[in-house]
Every structure is written in C-alpha cells, then in structure tokens.
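Numbering (UniProt numbering), first residue to last: 1 to 463.
In structure tokens, the structure reads:
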C-alpha cells in the first residue's frame, strides 16, 4: 500500500524533493548564460557607435543612410530568426556541448573580421552573428532547463534573462525517475517534428505562442534598445549625457529583470501579461504626447529666434529653458519606467509562458524565429519611419499595438501558473485530444488489470 502511494505522487510532490548542490547548479547556469550575454552584445553594440560607423563606412552623406543603418541593425535579428530554425537540426547532430564550443569559436573569429572597414562585410558579419544569437537563444534555455530543478525555476531563469531577456522554463530530472524520464524524452524527441507542430491538434498552441512572441516586440522595447541614444539626444541635446543615459538604461534592464522572479513566483502568467501590456500602453501614450509637445516647443523656439533680435532671444530662452528641461527629464523618466515595466513583466514571462504550453523544441524555435523576425523588421524600418512620421507618432502606434495585445491576452490566453505539464496539456487540448487521452488512460488501466489477473492465475497454478 505504501509503495503504491509513493508511486502515485504528483509531479508537484516529486518536485519538492531536495536537489543536489544549488551553488553548482547556479554556476553552470551562469556560465551557460554567457551565450545570452553574446546575444545582448550583438543586439546593442551599434547603439552608441552607429554614427561613427557611418563615417567609417563612408555612408554618412548618402541619401539612403537610414536604410543602411536599418540593414546594419536588422542583420542580427534576421540571422537570429534563421538560427532558431536551424538550432534543432544542429542540436541533434552536435549536441549541447559541442554546439556551445563551435558558436564561441566562430564568435571570436567574427569579432576580428568586423574590424574591416567595409559596409557589405559588416552586414554579412552581423548576419552570421545573428545565426549564433538564434542558436544561443534556443540552446542556452534548453541547457538551463535540463540542469535545473523546478524549485529553482525562476532564479536560474533570471540568470539568462538578466543579460538578454531570452530563456526557457527549467525542468529537473530527479535521480529516482531518471531512467524513465530519459526514455520518455527520447521518444518525444523522435516525434518532435515540424509536421507535428503544424498539425491540427497543435496548431492553436503554435498560433498563441507566435502571437505572444510578436507582442513582445510590438510594445516598443527594441525601438528603445536600438535607438535609445538618438531618443535621449533629441530629448536632452547633449551627446555625452545621452550616451550615459543609454548605459544606464541597460543597467535598468539587468537589475529589474533579476527582480522579476518575485512576480513570476507570486502571480499568474496571464495576470502579469495583462498588467504589463496595459501599463506599457499607458506609458507609450504619455511618451508620445510628451515628445509631441517637446517637438512643438523646439519648433516654436526656432521660429521665434528667427524673428527676434539677440536681446529678445536671450530673454525668451531664459523664460522657456526651465519648462523645456522639465519636459525633457519627464520623457527620460517615462522611458526608464517603460524599461522597468518590460523587465518585470513581458520580457521574462513571454519565454516562461511559451515554454509552459509548447513543450516542443521545434515549436519554441519557431516562435523564437517569429520574435526575431519582428525584431529585424523593427530594426530595419524604424529609422525611415522615424524621419517620415516623427518619433512621437511611432510611440503612438506602439501604444495602440499594446492595447491590442492586452485585449488578445485577456480573451485567448490561458493561465498555466501552478500547473504541472500534464494539466497544462489538458487545458490546451481540443475535445478530440481529451477523448483520445482518456482512451489511452483507459487502455493502460485495462492492461494493468489483465497483467494482475494473469499473475494471480499463474501464482494460483503454482500453488
């Protein structure tokens, strides 16, 4: 009786068992997260250096400079989208460890090639860097998932999120059921094909994961990350101050993403999504209005300066200097608040939630590719759209998209917080899948009964 009760322990009860050395797990997770550091570096390295690279590549006076900058910025996310799709094939061929080493070695070589002062070479190098970023965004979370216990889910998750905001929900294989889990994983990997993830019973989950990955980018986060230096420069008019503010914005992403584990452990995924998208919509609307007023003040000031003489100009500058500065600092405060909100909500939870219900390496890779594709489009077209429509109107568009994200999450997302994998599969399964699952369970029960009857008959015969 006691043995049967122990065998029927729920996954949550099994997860409460003590795991081995916690410090060792964190060290391995931190080393693996260096792949995410490379991803974050590749995405953000051009932020403050873009203008100098335009001079080095001799495109500063070109009428297509915005398009050139878009290709330089968007080459990494474009390569990352392809890298996510290739990661499953490379994992099955090389394994986790060898793939880590190959990516690191190639990344070192690309760093030296990037020193060549040629625009076409730079785009190609950044595209290949993007391939490595895409591979890392799949391999790093997968490795962390395999070495981490569920009880350390949020903590090990944030190690990778701290650096680039990409990770995967960890799962731990306890020693007692290690052989059974290994066999189950092997069978699952054999059936984990693109045909399966695009099948009818899986299509709704893939659609939800893709749209949520898309929503992570339409809240304007990478528009700020890619071009924060330009935004801060327009707000302050001081290049040095704008560069310091850009560095500080990166520190905000790191610090607040690390503290996001408090929310992910306490509140549901859907609740965090709703709060994040709604509050980001509110902040984006305020940023848009504030930037619009700031631009109008600058235009009015320029027109007045053209009509007034020097004495009157100095007097008007003294009268308008203080409110203009207050508005600029208010804009900077709103942008920092936007980064904090993203780091505490949508940034980490997108990957946790997708990993909860997708339960497939190829499905997660596909949704990650959707995320990177959207990042590529944002990096490519933001400079051109900013010059055509103005930055304030762009933030207004992101506010509308965040409102749409909030509505979609409210209507279609399902809560997975506190559920084990079997319960999550059941709430996302169609009615036909549930009937099939019940039939399988019934068949298994019948087989157990037949085996027990056969054993009893055999035992009785021997006696």
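Glycine included, C-beta positions come from ideal geometry on N, C-alpha and C.
Short of 8 Å in beta carbon distance, which residues of its chain neighbour residue i, apart from the five on each side in sequence? Order them along the chain.
i: residue 113; result: 121, 125
i: residue 340; result: 252, 256
i: residue 206; result: 197, 198, 358, 363, 366, 367
i: residue 269; result: 349, 352, 353, 356, 413, 415, 416, 417
Leaving out five residues before and five after residue i in sequence, what residues of the same chain have Cβ atoms less than 7 Å from its Cβ?
i: residue 196; result: 202
i: residue 137; result: 39, 80, 84, 166, 368
i: residue 76; result: 42, 43, 126, 129, 130, 133
i: residue 387; result: 66
i: residue 424; result: 356, 357, 416
i: residue 194; result: 362
i: residue 392; result: 288, 291, 292, 295
i: residue 467; result: In this structure the chain extends from 1 to 463, so residue 467 is not present and cannot be described.
i: residue 108; result: none
i: residue 378; result: 217, 222, 223
CB residue i to CB residue j, shorter than 9 Å?
i: residue 142; j: residue 97; result: no
i: residue 87; j: residue 361; result: yes
i: residue 246; j: residue 232; result: yes
i: residue 78; j: residue 37; result: no
i: residue 42; j: residue 133; result: yes
i: residue 119; j: residue 58; result: yes
i: residue 212; j: residue 262; result: no
i: residue 357; j: residue 428; result: yes
i: residue 70; j: residue 394; result: no
i: residue 227; j: residue 382; result: yes
i: residue 344; j: residue 260; result: yes
Report the residue from the options whose alpha carbon sits nearest the alpha carbon of residue i.
i: residue 346; options: 325, 277, 386, 329; result: 277
i: residue 265; options: 239, 348, 200; result: 348
i: residue 326; options: 389, 283, 101, 290; result: 290
i: residue 406; options: 279, 268, 365; result: 279
i: residue 401; options: 214, 373, 94, 377; result: 214
i: residue 219; options: 116, 283, 109; result: 283
i: residue 210; options: 390, 363, 394; result: 363
i: residue 135; options: 383, 335, 111, 91; result: 91
i: residue 281; options: 267, 299, 335; result: 335
i: residue 51; options: 385, 106, 230, 299; result: 230
i: residue 337; options: 111, 104, 285; result: 285
i: residue 123; options: 396, 391, 392, 53; result: 53
i: residue 250; options: 242, 267, 241, 225; result: 225
i: residue 144; options: 31, 378, 333; result: 31
i: residue 333; options: 300, 421, 248; result: 248
i: residue 384; options: 404, 55, 64; result: 64
Assuming residue i and residue j are in contact, meaning their beta carbons sit under 8 Å apart, how far apart are those beta carbons, in whole angstroms?
i: residue 208; j: residue 131; result: Rounded, the Cβ-Cβ distance is 27 Å, inconsistent with contact.
i: residue 46; j: residue 73; result: 6 Å
i: residue 287; j: residue 254; result: Their Cβ separation, rounded to whole angstroms, is 22 Å, which puts residue 287 and residue 254 out of contact at 8 Å.
i: residue 216; j: residue 371; result: 6 Å
i: residue 221; j: residue 342; result: 5 Å
i: residue 139; j: residue 100; result: 7 Å
Consider the Cβ of residue i: report whether some Cβ of chain C lies at a distance smaller than 9 Å.
i: residue 58; result: In the displayed structure, chain C is absent; only one protein chain is listed.
Between residue i and the ligand ATP, is the CB less than 8 Å from at least one heavy atom?
i: residue 95; result: Among the ligands in the structure shown, none appear at all, so the ligand ATP cannot be discussed.
For residue i, which residues of its own chain have a beta-carbon under 6 Å away from its beta-carbon, when the five flanking residues on both sides are left out?
i: residue 374; result: 214, 217
i: residue 403; result: 281
i: residue 111; result: none
i: residue 68; result: 59
message = When you compare the stretch 292-300 with the stretch 410-426, are there three or more beta-carbon pairs, one atom per stretch, that lie closer than 8 Å?
response = By the Cβ criterion, the stretch 292-300 is not in contact with the stretch 410-426, since fewer than three pairs of Cβ atoms, one from each stretch, lie closer than 8 Å.
query = Does the stretch 234-245 come within contact of the stretch 417-427, defined as at least 3 CB pairs closer than 8 Å?
reply = Put simply, the stretch 234-245 does not touch the stretch 417-427. Fewer than three CB pairs are less than 8 Å apart.
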